[in-house]
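**Q** Handing you a structure now.
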Amino acid sequence: MKLYAAHLHAIAEALQNIFREGAYADREIARILKADKRRGSNDRAFIAEHTYAIVRYYRLYAHLAGAEPQTKAEWWRLMGIHLLLNGIDLPDWREFKDLDRSTLQSALEEARTDRALRESIPDWLDVLGEEQLGAEWTATIAALNEQAPVVLRVNRLQADAAAVTESLAQEGIVVEPLAGDALLVTERKNLFRTKAFQRGLFEVQDYSSQQAAPALEVEPGQLVVDACAGAGGKSLHLAALMENKGRLLSLDIHGWKLEELKRRARRNGVTNLEARPITSTKIIKRLTGKADRVLLDVPCSGLGVLRRNPDAKWKLSPESIERVVQEQQEILTNYSRMVKPGGKLVYATCSVLPRENGDQLRAFLPSPAGEGWEVEEERSLLPQRDGYDGFFISRLSRTR
Ligand SMILES: C[S@@+](CC[C@H](N)C(=O)[O-])C[C@H]1O[C@@H](n2cnc3c(N)ncnc32)[C@H](O)[C@@H]1O
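Take the sequence shown: its position 116, counted from the start at 1, is 116 in full-length UniProt numbering, and no numbers get skipped.
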C-alpha cells in the first residue's frame, strides 16, 4: 500500500485536536475531510479509518511509543507504530527511522497481558467494567473496540425494504436484510449522498438502537412523548410506527438538537411530530397523566457505543458517570409522571453498565414515584453476543 504524506498530515492534525484540544472525534474527522475537497473516496476512507483506529488504541500505542505525543514528530511516530502493527510497510521517511516491526511486536506481546493496556482504556474504567459486568467484561470491551457494522432503517412512511435495496443497488451499494426494517450495508460507502437518503427513504441507525421504538408498543392515534429526543433517531422511528397518526411530542433540553430533528422529520415525511425544547418544568407538569406512551432514551455514559465514539473513553471520568447516573434517576422519577394509568414507558440507554440500566429500575420501583409501576420487559444487548451496539431497553407499565 502506498502511503501519502498529505494523509498522515491530516491524521496528525485531527489527533492533535482530539487529544490536546478536546475536539470530538466524529466532528473533527468530518472537519478534516471537508477541508480538502480534492480527496477521493479512498483517501477519505483512509483518513477516517486510521484516525478512528488510532483513537481506539491510543493508550496502547502511546505505551509502545514510550510517551504521549505532544509534537508533530511524535504524532508521526505514533502513526508509524499503528501502521506497522497493522501490516503496512513504512516508507523510508525520517519520521519513522527508528521504528522496527519485530521490536514492536515483542513489546506488544508483553503489553497484551494487561487488559486495560491491550484494550486501550483508562485503568479506572477497566476496574469499573469488571466490577459491573464480571467475567463478561473481557469480551465486552474487546468487542467494543471493533469496527461498527453499518445498519439502515427503512423509513416505512415512504418506502419498503425492496425499494431501498433497489435504489441503493443503482448507486452501487449492496445491502442485506436483517430483521424488521433493518438492512445491513456490506461495504462502507457514503450513504448520505445517495438519492434514497436524500429522499428520506432510510436513516442510518444501529440495529440495537432500532429495537427501542418498537419496544414502546405504540399505536396510531396515541399521544406519545419522546422526552429525550435529541436529533430524533428514535422519534422518526416512532412516527413511522404510528403511521403519522396521533400526536408525537419530541422534547429535549437542547433546542439546537431539535432543529436537526425537524429537518430530518421533513425529509422523512413525518407530519405528526411537534418538537419542543424543555425550558422549565411547566411542560412536563402540563403533561402529567396524559401520555399513552413515553420514551426515555436518557443521557448516558455511551459505553455501549464506543465502536462509534471511541474517544468517549478518554472523555469520561468516574465523576461524569456518577453525574449521569444521578440525572437518569431524576429523569425517570420526574418524566414517568407524564404516563397515564394503563400507559407504558420505555427506559433505554446506550450503556452496558447495570448501574445505568437495571439498577436504575430497581432504585425507581420502591421509590414514591415508582408506586403503581411494573417492569414488563428488560433486555441488555451486548456487542459480543448480539453483534451490534451495547444497549439497554426496558418497558414499564403504569397500572394506576
Ligand atoms: C441518548 S441522547 C438521545 C438520542 C435520541 N433519542 C436519538 O435517538 O437520536 C439523550 C438526550 O437527552 C437530552 N437530555 C439531557 N438531559 C435531559 C433532560 N433533563 N430532559 C430532557 N432531555 C435531556 C440530551 O440533550 C440528549 O439529546
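Backbone N, C-alpha and C define an ideal beta-carbon position, used for all residues, glycine too.
#1: Residue 148 and residue 154: beta carbons closer than 7 angstroms?
#2: Going by the C-beta, is residue 234 closer than 6 angstroms to any heavy atom of ligand 1?
#3: DSSP beta-bridge partners for residue 394?
#4: With a threshold of 7 angstroms on Cβ separation, who are the neighbours of residue 101 within its own chain once the five nearest residues in sequence on each side are excluded?
#5: Do you know how far the Cα of residue 320 is from the Cα of residue 96?
#6: Would you list, in sequence order, the uninterrupted alpha helix (DSSP H) runs of no fewer than 4 residues that lie entirely inside the segment 127-200?
#7: Pull up the DSSP beta-bridge partners for residue 336, would you.
#8: Among 275, 292 and 188, which one has its Cα closest to the Cα of residue 219?
#9: Does the distance from the CB of residue 138 to the CB of residue 384 come in under 7 angstroms?
#10: Do the segment 211-225 and the segment 193-202 touch if we need at least three Cβ pairs shorter than 8 angstroms?
#11: Roughly how many angstroms separate the alpha carbons of residue 237 and residue 213, rounded to a whole number?
#12: Using C-beta distances below 8 angstroms, list every residue in its chain close to residue 54, excluding the 5 sequence neighbours before and after it, in chain order.
#13: Can you round the beta-carbon distance between residue 232 and residue 250 to whole angstroms, since I take them to be within the 8 angstroms contact cut?
#14: Looking at residue 345 and residue 294, is the spacing between their C-beta atoms short of 7 angstroms?
#15: Work out the CA separation of residue 189 and residue 29 for me, nearest whole Å.
#16: Assign residue 297 to one of three DSSP states: helix, strand, or coil.
#17: Does at least one heavy atom of ligand 1 sit under 6 angstroms from the Cβ of residue 252?
#18: To which residues does DSSP link residue 414 through a beta bridge?
#19: Counting pairs of beta carbons, one from the segment 356-365 and one from the segment 103-116, are three or more of them closer than 8 angstroms?
#20: I want to know whether the segment 369-388 touches the segment 260-273 - three or more CB-CB distances under 8 angstroms.
**A** With the given structure in hand:
#1: Residue 148 sits at position 148 when you count from the first residue of the sequence shown. Residue 154 sits at position 154 when you count from the first residue of the sequence shown. In this structure, residue 154 does not lie closer than 7 angstroms to residue 148 by Cβ.
#2: Translated into positions along the sequence shown, residue 234 becomes position 234. Yes, ligand 1 has a heavy atom inside 6 angstroms of this Cβ.
#3: Numbered from its first residue, the sequence shown carries residue 394 at position 394. Note: residue 394 sits in a beta bridge opposite 347 and 378.
#4: As a working mapping, residue 101 is identified with position 101 in the sequence shown. Cβ neighbours of residue 101 beyond the five flanking positions: 84.
#5: Within the sequence shown, numbered from 1, the residue matching residue 96 stands at position 96. Within the sequence shown, numbered from 1, the residue matching residue 320 stands at position 320. For residue 96 and residue 320, the distance between alpha carbons rounds to 38 angstroms.
#6: 136-144, 161-170 and 195-198
#7: Sequence index remark: in the sequence shown, residue 336 carries index 336 (1-based). Bridge partners of residue 336: none, in fact.
#8: By 1-based counting over the sequence shown, the position of residue 219 is 219. Closest option to residue 219, Cα to Cα, is 292.
#9: Translated into the one-based positions of the sequence shown, residue 138 becomes position 138. Translated into the one-based positions of the sequence shown, residue 384 becomes position 384. No. Outside cutoff.
#10: no
#11: Here residue 237 corresponds to residue number 237 of the sequence shown, with the count starting at 1. Here residue 213 corresponds to residue number 213 of the sequence shown, with the count starting at 1. Taking the straight line from one Cα to the other gives about 6 angstroms.
#12: Reading the sequence shown from its first residue, position 54 is the one you call residue 54. Once the five neighbours on either side are set aside, the close Cβ partners of residue 54 are 11, 15, 61, 78, 79 and 82.
#13: Locating residue 232 in the sequence shown gives position 232, counting from the first residue. Locating residue 250 in the sequence shown gives position 250, counting from the first residue. Right, their Cβ atoms sit about 6 angstroms apart.
#14: Walking along the sequence shown from the start, residue 294 turns up at place 294. Walking along the sequence shown from the start, residue 345 turns up at place 345. Yes.
#15: Indexing the sequence shown from 1 puts residue 29 at position 29. Indexing the sequence shown from 1 puts residue 189 at position 189. C-alpha separation (whole angstroms): 16 angstroms.
#16: Looking up residue 297 in the sequence shown gives position 297. Here residue 297 sits in strand by DSSP.
#17: Start at 1 with the first residue of the sequence shown, and residue 252 comes out as number 252. Indeed, a heavy atom of ligand 1 lies less than 6 angstroms from the Cβ.
#18: The question about residue 414 has no answer, for the chain in this structure spans 1 to 400.
#19: no
#20: no
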